[in-house]
Structures are given as structure tokens and as C-alpha cells.
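K.L.:
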Amino acid sequence: MKEMKRIESALISVFNKDGLEPIIKELIRLGVTIYSTGGTQTAIEAMGGTVVAVEDLTSYPSILGGRVKTLHPKVFGGILGRRSMKDDINQMEEFGIPAIDLVIVDLYPFEATLASGASHEEIIEKIDIGGISLIRAAAKNYNDIVIVPSQSQYLNLLNLLQEQDGCSREEDRKALAAEAFNVSSHYDTMIHRYFAGDADIMLKESFLGGTALRYGENPHQRGYFFGDFDSMFDKLHGKALSFNNMLDVDAAVQLMKEFEGDEPTFAILKHNNACGLATRKTMHEAYKDALAGDPVSAFGGVLIANGTIDQATAQEINELFCEVIIAPKYEKEAIDVLMTKKNRVILIQKHSQLPRMMVRTALNGFLAQDRDLHTDQISGFEAVTAELANERELEDLVFANKLVKHTKSNTIVFAKNKQLLASGTGQTSRVDALSQAVHKAKSFGFDLNGAVMASDAFFPFPDCVELAGNEGIHAVVQPGGSVKDDLSITYCNEHKMAMYFTGYRHFKH
Numbered sequence: 156m157k158e159m160k161r162i163e164s165a166l167i168s169v170f171n172k173d174g175l176e177p178i179i180k181e182l183i184r185l186g187v188t189i190y191s192t193g194g195t196q197t198a199i200e201a202m203g204g205t206v207v208a209v210e211d212l213t214s215y216p217s218i219l220g221g222r223v224k225t226l227h228p229k230v231f232g233g234i235l236g237r238r239s240m241k242d243d244i245n246q247m248e249e250f251g252i253p254a255i256d257l258v259i260v261d262l263y264p265f266e267a268t269l270a271s272g273a274s275h276e277e278i279i280e281k282i283d284i285g286g287i288s289l290i291r292a293a294a295k296n297y298n299d300i301v302i303v304p305s306q307s308q309y310l311n312l313l314n315l316l317q318e319q320d321g322c323s324r325e326e327d328r329k330a331l332a333a334e335a336f337n338v339s340s341h342y343d344t345m346i347h348r349y350f351a352g353d354a355d356i357m358l359k360e361s362f363l364g365g366t367a368l369r370y371g372e373n374p375h376q377r378g379y380f381f382g383d384f385d386s387m388f389d390k391l392h393g394k395a396l397s398f399n400n401m402l403d404v405d406a407a408v409q410l411m412k413e414f415e416g417d418e419p420t421f422a423i424l425k426h427n428n429a430c431g432l433a434t435r436k437t438m439h440e441a442y443k444d445a446l447a448g449d450p451v452s453a454f455g456g457v458l459i460a461n462g463t464i465d466q467a468t469a470q471e472i473n474e475l476f477c478e479v480i481i482a483p484k485y486e487k488e489a490i491d492v493l494m495t496k497k498n499r500v501i502l503i504q505k506h507s508q509l510p511r512m513m514v515r516t517a518l519n520g521f522l523a524q525d526r527d528l529h530t531d532q533i534s535g536f537e538a539v540t541a542e543l544a545n546e547r548e549l550e551d552l553v554f555a556n557k558l559v560k561h562t563k564s565n566t567i568v569f570a571k572n573k574q575l576l577a578s579g580t581g582q583t584s585r586v587d588a589l590s591q592a593v594h595k596a597k598s599f600g601f602d603l604n605g606a607v608m609a610s611d612a613f614f615p616f617p618d619c620v621e622l623a624g625n626e627g628i629h630a631v632v633q634p635g636g637s638v639k640d641d642l643s644i645t646y647c648n649e650h651k652m653a654m655y656f657t658g659y660r661h662f663k664h
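Heads up: the sequence shown begins at 156 in the working numbering, then just goes up one per residue.
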């Protein structure tokens, strides 16, 4: 094991000064020489530290409105000089370059500035140049340098200063260097994403850290979430989420986005598919009718509402075992009721935007695609039959087609009076999906007479509309586009069924 290395000098350049004072106190105690400039220097001196100004070291002032401060050989030579190489040491002595053992940086807040809605000019000025260069240089020379690349590493440094009396081990420096390159690569990725915009055809995703989940898809698998969960939800109660919970929450949020601003709507999901969905005058009624769609599958599901969950609804929910409940708002009394189940996760959904691109692993790489943001409306329906749907049926067709878009293919959805009656999900045959939906509807006592049917893709043969018509379905919506569309249209005309084409397929795999 290599020897411990003592910190005798430090260069500090931070945008945010919060959390710095305990470190400065330790550096003073250890007698460390501190180099700094500008606002950081002023802050350190206010904390009681003595500072050697970078301008005095380099004999150059801060220029170009502060854009150039630390970019100088006397700074970077002191960081990149290899202490084990005689030639490097000789050159440092020749040019009067002091060795620097510790570099502390907190970068300009590019992401926060971008998120604030700032102007392009303000965003550009928050692209850090000197700081990012210091981070990379110090991390490259981790054999000799301790690099602290962000506030998130202050505690690690403080422990090192206190517990190891200002000395560092190689594994300490290497771990901090790894975090430094994590910070710098993420920073550059965010800048690239801003400049590239929608024209970007490269995949660059970066997160500074992940959150460990209870487990992966199965208990023997590890699972992690990389993203900002707290920007989308406030978690009020319950156990840690699992990988499967996160997938269901994602599916629930995407589905309910279709019903933003609508009358009270409630959905129950299981394995990423809705097993219950209803829109009603009150949330209590919406929940009861959503549950009626499939009370068996609802056990252990994820529940989501597009409005306030009141006490009456909460009391009904409490009769069901469910993993997660999501709503934008809850009555206080409702929260009190729901919290009586200690493991149940209760989430308040915040207003947020989902990423434009969807990404998943495939083979030895990734697949990426635009999110399916098209929602079919009555105005876009093309009537292809002589028989037409009535007003209620048209509204049900829109309702069913929103749901079919968020159900695993192949899928068929039956709906009536803005209630999911049944769906066939994830079948290899569209006829099998339809048969499954018929079986489920009947098993829960639903009458399909006057119900509508939605399909995620076209019918290559008339068998689906024939089976549906035999069960009492009167109106159908589908993308159309089969070379044999006429066969289905002819059957519907002969049996006084209404059918509409949308021109948009909604596969989901």
C-alpha cells in the first residue's frame, strides 16, 4: 500500500459558498496554504482564513469579466506536476510553481440556470471553463492531488481532514477522481443537450447518481432508478419502491396524462396495464366504477387519480390491498385514512414534463424513439361506414382509444359510458386479444350491448368486427391501413355497425 500524502496547499474556486466554512476551519487548523480568487477569496477571508490570491501567484489579474482567472501555467503546473518525476519537480522549481495538493470546485450552475428559464446569454455565461479544467486536471493527477468536484463531496473531504489529520490514501484520491469525472462528464452532457436541441440524433444520457430500489424485477435482481423522482412526486408515506412499482407508476402517469383537465377520472393498473378506468362526476364514483372493471386484478395494483382524493374515496380504497396511490391532491382526512396501511406508498404528483425521447436497452446497445404524444380526437375520426355512432358512443370511442394507446399490444379495449369494461392485453393474435376481452367482460357481469371497441392496430381480416358484433358492439375505432380494410368495412355495413379510422397506430411493446 502506498504511503499517505499530507495536504499542505489547497486551491479553492466555488460558485456556491454554502457548506465551505467547516472545511476552511480544518484547513486553518492543519496550517494549509490556501489559494483563491474573487468571491471565493472574499468568503474564505470572512471565515477567518488567510488567502494567497491567484492573481499574486500568476502576476495576472482576473480578466474578461471574470472569464479568465485560474487558467495559467502557475496554477495548472502546480496541479499537474508529478511529484514522483524529478523533471517535473525541477521545472516547477525553475518557474516558481507551487505544488497544490487539494482542489475544491463548485461549478457554475448551468442546469439550474437552464431550468430557471433564463435567457440564452445568461445560460452561456453559466458554462464553467476554469472550474471544469481544474476538476479534470486534478482528477488526472489523482496520484498526488485530492479533488473535490462538488458540494456533494464536502462531507467526504471533511472526514478525511478530521479523521486522517489532513492525509489521504491512494484509494481516497482515486474515488474522488472517479466522482470528478462523473461530475465533469455530466456537466458537458447537459451543455451538449442544450446546444443540440431537437436536432440531436446522438444518445447522451447522464445522471450524477442513482437511487437503489428495493430490488429489481425479481428479488434476486438489483434495481436502480436514475432520474429526479422528487421533481415529479412528494412521497407522503410507505415503503421504498421496487423496480416493478416504478414501471407501474410510470405507466399510470402516462395514462392519466391523457385525462388531464377532464372530469374526475380514476385508473387502476397492474403490470403496466389498466385493469380499471372510469370517468365520472365525482372521484368516489370514478374509483368505484374503475374497481368494478376488474376487482380481481386490482389486488396489489397501482392507483392514480386526475384530481383530489377525498375521504369517502379513501375509505373505499382502504378496503383494497394496493401498492401505490398517486394523486395531485388529497384531503387531509383522506391522507389520515390511507396512512393506516403502513407499507402503502402515497404520492402527491407534481406538474412536470416527461422526457421527449423514450430509451430502452436492446442487444448490446439502446433503442430510442419519440414519445407517442398523439391523442386521437373525434375531429380526426374518419367515418368509413354508412352507420354512424351516436354522441355518447363517439365520446366512448375517444375514451377507449386513449386507453388502447397505453395497453400492451396486441390489445382490444371495450368501453361504455366512459368505463373500461374489459381489455385483451399482450396477445400474439388480435383475435385472441378480443376473445380475452369478451371473456373478462362476461366474467364480471358486463353487458356489451351498446359498448364500443378500440384496437391499437388495423384488422387484416373481418373476424374481429364479426366477433365484436356478435357480442353487441355497435361502434369501432381502429387505425385502418390494411390492404383488406374493405372486408371489415363491408361486414360492418352489412350488420349496421359504425367504424372509424384514425390513421394512427398505437403499438406498445
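Glycine included, every Cβ here is placed at the ideal spot set by N, Cα and C.
Which word fits M608, buried or exposed, when buried means at least 16 other C-beta atoms lie within 10 angstroms of its C-beta?
P.N.:
buried
K.L.:
Which of helix, strand or coil does DSSP assign to A332?
P.N.:
Helix, per DSSP.
K.L.:
Does the count of Cβ pairs from the segment 493-502 and the segment 436-451 closer than 8 Å reach three?
P.N.:
With a cut-off of 8 Å on Cβ pairs, the segment 493-502 is not in contact with the segment 436-451, counting fewer than three such pairs.
K.L.:
Report buried or exposed for P634, applying the criterion of at least 16 other Cβ atoms within 10 angstroms of its Cβ.
P.N.:
buried
K.L.:
Using 8 Å as the Cβ pair cut-off and three pairs as the minimum, do the segment 569-589 and the segment 416-431 touch?
P.N.:
yes
K.L.:
Under 7 Å Cβ to Cβ from M156, same chain only, skipping five residues before and after it: list those, please.
P.N.:
In this prediction, M156 scores a pLDDT of 45, lower than 50, which makes its location untrustworthy; the coordinate-derived value is nonetheless stated afterwards. If we look at M156 and ignore the five residues flanking it on each side, it has no Cβ neighbours.
K.L.:
Roughly how many angstroms separate the alpha carbons of V187 and D320, rounded to a whole number?
P.N.:
12 Å
K.L.:
Can you tell me whether DSSP reads N428 as helix, strand or coil?
P.N.:
strand
K.L.:
Relative to the alpha-carbon of F170, which residue among E280, D242, L219 has its alpha-carbon at the smallest distance?
P.N.:
E280
K.L.:
Use the C-beta contact count for E548: other C-beta atoms within 10 angstroms, 16 or more gives buried, fewer gives exposed.
P.N.:
buried
K.L.:
At the level of alpha carbons, what is the spacing between D242 and Y190?
P.N.:
24 Å
K.L.:
Under a three-way DSSP split, which group does M159 fall into?
P.N.:
coil
K.L.:
With H, G and I counted as helix, E and B as strand and the rest as coil, what does DSSP make of Q524?
P.N.:
strand
K.L.:
Figure out for me which residue from T192, A606, A612 has the closest Cα to the Cα of R109.
P.N.:
There is no way to answer for residue 109, as the model of the chain reaches only from 156 to 664.
K.L.:
By the three-class DSSP mapping on this structure, what secondary structure does M513 have?
P.N.:
strand
K.L.:
If you draw a straight line from the alpha carbon of Q246 to that of N298, how long is it in whole angstroms?
P.N.:
19 Å
K.L.:
Using 10 angstroms around the beta-carbon of I259, count the other beta-carbons present and answer buried if the total reaches 16, otherwise exposed.
P.N.:
buried
K.L.:
Would you please verify whether the beta carbon of F336 is less than 8 Å from any beta carbon of chain B?
P.N.:
Judged by its chain identifiers, the structure shown contains no chain B, having just a single protein chain.
K.L.:
Kindly provide the ranges of any beta strand (DSSP E) runs that are 3 or more residues long and lie completely inside the segment 623-651, ordered along the chain.
P.N.:
630-633
K.L.:
Check this for me: beta carbons of K505 and F388, under 8 Å apart or not?
P.N.:
yes
K.L.:
Taking the C-alpha atoms as reference points, what is the distance between L682 and F414?
P.N.:
No statement about residue 682 is possible, as the shown extent of the chain runs from 156 to 664 and does not include it.
K.L.:
Taking the C-alpha atoms as reference points, what is the distance between A445 and M438?
P.N.:
10 Å
K.L.:
Report the residue from V206, P253, T366 whose alpha carbon sits nearest the alpha carbon of G236.
P.N.:
P253
K.L.:
Can you give me the start and stop residues for the beta strand (DSSP E) that T188 sits inside?
P.N.:
188-191
K.L.:
Helix or strand or just coil, what does DSSP make of E105?
P.N.:
Absent from the model: residue 105. The displayed extent of the chain is 156 to 664, so no value can be given.
K.L.:
DSSP puts Y112 in a beta bridge; with which residues?
P.N.:
The displayed coordinates of the chain run from 156 to 664. Any statement about residue 112 would go beyond what the structure contains.
K.L.:
Residues bridged to Q317 by DSSP?
P.N.:
Answer is none; Q317 lacks a bridge partner.
K.L.:
Am I right that S168 and G286 are in contact with their C-beta atoms under 8 Å? What's the rounded C-beta distance?
P.N.:
For a cut-off of 8 Å, the C-beta gap from S168 to G286 is around 6 Å, short enough to register as a contact.
K.L.:
Say whether the segment 477-490 touches the segment 399-416, bearing in mind that this needs 3 or more beta-carbon pairs closer than 8 Å, one atom from each stretch.
P.N.:
Contact holds: three or more Cβ-Cβ distances are below 8 Å.
K.L.:
Measuring only the C-alpha atoms, how far is Q376 from V457?
P.N.:
22 Å
K.L.:
Answer yes if the segment 562-575 comes into contact with the segment 637-652, meaning at least three C-beta pairs across the two stretches below 8 Å, and no otherwise.
P.N.:
no
K.L.:
Going along the chain, which unbroken runs of the beta strand (DSSP E) with 3 or more residues stay wholly within the segment 533-571?
P.N.:
Segments of the beta strand (DSSP E) lying fully in the segment 533-571: 567-570.
K.L.:
Please go through the segment 199-223 and give each complete beta strand (DSSP E) segment of 3 or more residues, from N-terminal end onward.
P.N.:
206-208
K.L.:
Which whole-angstrom value describes the C-beta separation of M411 and N461, a residue pair presumed to lie in contact below a C-beta threshold of 8 Å?
P.N.:
Between N461 and M411 the Cβ distance is about 5 Å, and since that is below 8 Å, they are a contact.
K.L.:
Decide if Q532 is buried, meaning its Cβ has at least 16 other Cβ atoms within 10 Å, or exposed.
P.N.:
Around the beta carbon of Q532, a 10 Å sphere encloses fewer than 16 other beta carbons of the protein chains shown; the residue is thus reported as exposed.
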